[in-house]
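Residue numbers (our numbering): 13 to 318.
From the three backbone atoms N, C-alpha and C, an ideal C-beta is built for every residue, glycine too.
Below: one structure, written as structure tokens.
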Amino acid sequence: MKQKILLADPLLKKYLFLYQKYFEVDTLWSKKKLNYNEYEGLVVSGLFKIPSNLYNKMSKLKIISLFSVGFDNVNLDICKKKNISVSNTPKVLTNDVADLALTLLLSISRNIYNAHNYVLNNSWEKKGPMDLTDSVNKKKVGIVGLGQIGKKFAIKAKALNMDISYFGPSKKNNNYKYFKNLKKMANYIDYLVITCAGGKNTHNLINNEVLKCMKNTSYLINISRGTVIDENALIYHLNNKNIKGAALDVFKSEPKINYKLKKMNNVILYPHHASGTHETRREMAELSIKNLIQYFKKGKPIYTVL
Ligand code: 8YV
């Protein structure tokens, strides 16, 4: 008999047919009245904030299979108490997320968004050449959190002849420059690239004190979680041109974005879509299914968060 699982958010709609091959599936977005006590598995994306009453409503829940590598949207304390296993989808998204970090870095440096508009609104014809942009060649990039995505990003940035440094809890076995002190790194680099995990350990890690140390020629790129940055402090420093620009894939209260960010021309905004390619999302769906299958067979998913 197939296990009953619940898919939580419409982001998973496209892959419903894949889950249906192996499980009896209901979806939170259907109009159908659901009996929450039936489901043994719950699948959520990294964007889905699990309401706390859902843990209680789902009395048979055995596993939360994340359609993401990040798991800051899951209350691990409750899961531990209720003996709910939690799995995620690392590795399959690493390349695309690192690529997006690089895309944002290059786009903000070469002023792609304003350049595109410069052509569209005929400024090129009327005013002549646009303002010069910034080269990334030989520039210093500081990575906050050298995990799988940070490491992959470093390799790609190195290929652009960038000088790599990183900040994290411990020095790793590589040739990159290590900073134990984030403020010192913020002061040293031309690009601060945030790739660390979200959650309470990194909440507002990039605060006013860190931002104050950045140079007025430097840029900030965030593909981690909006919670890692004190967004009001960032807006203040961007407005005052203490930082040259920011390119952001994630936001504090996404998908609602602080209106002040929308008014700035020294930012590039991306809708939390770093893993949003056909290829990677398909692999994430397949891996989240494999996690469920292995859990139901062997009591342990392939990638265990808890
Ligand atoms: C997705 C993510 O955008 O993996 C993560 O942690 O945030 C992203 O891959 C998100 O999970 C959509 O499902």
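Cα-Cα separation between lysine 272 and tyrosine 200, rounded to whole angstroms: For the purposes of this step, residue 272 is taken as residue 260 along the sequence shown, with counting starting at 1. For the purposes of this step, residue 200 is taken as residue 188 along the sequence shown, with counting starting at 1. Near 28 Å, if we compare the C-alpha coordinates of tyrosine 200 and lysine 272.
CB-CB length for asparagine 234 against isoleucine 206, believed under 8 Å: Taking the first residue of the sequence shown as 1, we reach residue 234 at position 222. Taking the first residue of the sequence shown as 1, we reach residue 206 at position 194. Right, the Cβ-Cβ distance comes to about 4 Å (below 8 Å), so this counts as a contact.
heavy atom of the ligand 8YV below 7 Å from histidine 290 C-beta: Taking the sequence shown and counting its residues from 1, the one referred to as residue 290 is at position 278. Outside the cutoff, so no.
Residue(s) in a DSSP beta bridge with asparagine 234: Working through the sequence shown from its first residue, we reach residue 234 at position 222. The partner list for asparagine 234 (beta bridge, DSSP) reads Ile206, Leu260.
DSSP state of phenylalanine 35 mapped onto helix, strand, coil: Reading the sequence shown from its first residue, position 23 is the one you call residue 35. Here phenylalanine 35 sits in coil by DSSP.
Contact test: valine 205 Cβ vs the ligand 8YV heavy atom, cutoff 7 Å: Taking the first residue of the sequence shown as position 1, residue 205 is located at position 193. No heavy atom of the ligand 8YV is found nearer than 7 Å to the CB of valine 205.
Simplified DSSP assignment, three categories, for lysine 170: By 1-based counting over the sequence shown, the position of residue 170 is 158. Correct three-state label for lysine 170: helix.
Valine 317 Cβ short of 7 Å to the ligand 8YV heavy atom set: One-based indexing of the sequence shown puts residue 317 at position 305. Not one heavy atom of the ligand 8YV falls within 7 Å of the beta-carbon of valine 317.
Coarse secondary structure for threonine 316, derived from DSSP in three states: The residue given as residue 316 occupies position 304 in the sequence shown. In the displayed model, threonine 316 falls within a strand according to three-state DSSP.
Nearest candidate by alpha-carbon position, reference asparagine 213, set Lys224, Val240, Tyr190: For the purposes of this step, residue 213 is identified with residue 201 of the sequence shown, where counting begins at 1. For asparagine 213, the closest C-alpha among the options Lys224, Val240, Tyr190 is that of Val240.
Leucine 30 CB to nearest heavy atom of the ligand 8YV below 7 Å: As a working note, residue 30 is residue 18 in the sequence shown. False, no ligand heavy atom lies under 7 Å from that Cβ.
Those runs of the alpha helix (DSSP H) which lie wholly inside the region 80-134 and span at least 4 residues: Taking only runs of at least 4 residues, the alpha helix (DSSP H) segments lying wholly in the region 80-134 are 88-93, 106-121, 124-132.
Inter-residue Cα distance where the pair is tyrosine 188 and methionine 226: The residue given as residue 188 occupies position 176 in the sequence shown. The residue given as residue 226 occupies position 214 in the sequence shown. Taking the Cα positions, tyrosine 188 is about 20 Å away from methionine 226.
Proximity test, serine 80 beta-carbon vs the ligand 8YV heavy atom, cut-off 7 Å: Along the sequence shown, one-based indexing puts residue 80 at 68. Answer for serine 80: yes, Cβ within range of the ligand 8YV.
Exposed unless 16 or more other CB atoms sit within 10 angstroms - verdict on histidine 290: Here residue 290 corresponds to residue number 278 of the sequence shown, with the count starting at 1. Under this definition histidine 290 is an exposed residue.
Cβ-heavy atom distance, alanine 110 to the ligand 8YV, below 7 Å: As a first step, residue 110 must be located in the sequence shown, where it is residue number 98. No, the beta carbon of alanine 110 sits no closer than 7 Å to any heavy atom of the ligand 8YV.
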